[in-house]
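Since the structure comes first, as structure tokens, the remarks are kept for the end.
Written out as structure tokens, the structure reads:
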């Protein structure tokens, strides 16, 4: 599927950053997009249903996302959408994944400061051997991912608490899938991302419906 989608939402998990053995930087996160409606009875805005997405960025975008975003940030994402169905232990569900082409802060909710990063800086960041590494045999991620000392500690409380508990969201793609995904983008595994291909989780994700607060 080559459909594109634009989503306004809240970063629901701390972005997970890793570098594959081929040097491709990948950052994944869960995005919650809650709906809002006007309650005439109370004269206030109330939260409606929340849609959940797994957003994945690659290469220079991945490096910039890792350094720019944190849990609770309000952002706008545009990218290619992929919809998968899964089954596990008699349960099933649907997973909506977005391969991001552009990500930015949602300025309707706050102020951002854009800083241009030379292209070679991101390439150096994504060099093999720097940051977490993915073992192609086991899929394990080795090495911690340090955060910048200047990382902000402030969080949008209303946004984060409206999402429910952390276990309400599905897990991010594992390291083995990240390697396959990167290879597919390079043309090495053209069928890896097709329905039923090797990149499918085979039902490793829980249902996406959050618990009521």
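Numbering (our numbering), first residue to last: 7 to 219.
Every residue, glycine too, gets a C-beta built ideally from N, C-alpha and C.
Just so it is clear, the structure is predicted and the values come from calculations on it, not from any experiment.
Worksheet item: Between the C-alpha atoms of residue 29 and residue 69, what's the straight-line distance to the nearest angstrom?
Response: The straight-line gap from Cα to Cα measures roughly 12 Å.
Practice prompt. Pick out whichever of 91, 93 and 41 has its Cα sitting closest to the Cα of residue 53.
Written response: Per the Cα distances, 41.
Worksheet item: What separation, rounded to the nearest whole angstrom, lies between the Cα atoms of residue 32 and residue 122?
Response: Whole-angstrom Cα-Cα distance: 20 Å.
Worksheet item: Could you give the uninterrupted runs of the beta strand (DSSP E) lying entirely in the stretch 59-134, keeping only those of 3 residues or more?
Response: Entirely contained in the stretch 59-134, the beta strand (DSSP E) runs reaching 3 residues are, in chain order, 80-94 and 97-111.
Worksheet item: When the Cα atoms are used, what is the spatial distance from residue 99 to residue 36?
Response: The straight-line gap from Cα to Cα measures roughly 16 Å.
Worksheet item: Between which two residues does the beta strand (DSSP E) containing residue 17 stretch?
Response: 10-17 is the extent of the beta strand (DSSP E) around residue 17.
Discussion item. Which residue wins for smallest C-alpha separation from residue 12, given the options 103, 48, 72 and 71?
Written reply: Looking from the CA of residue 12, the closest CA among 103, 48, 72 and 71 belongs to 103.
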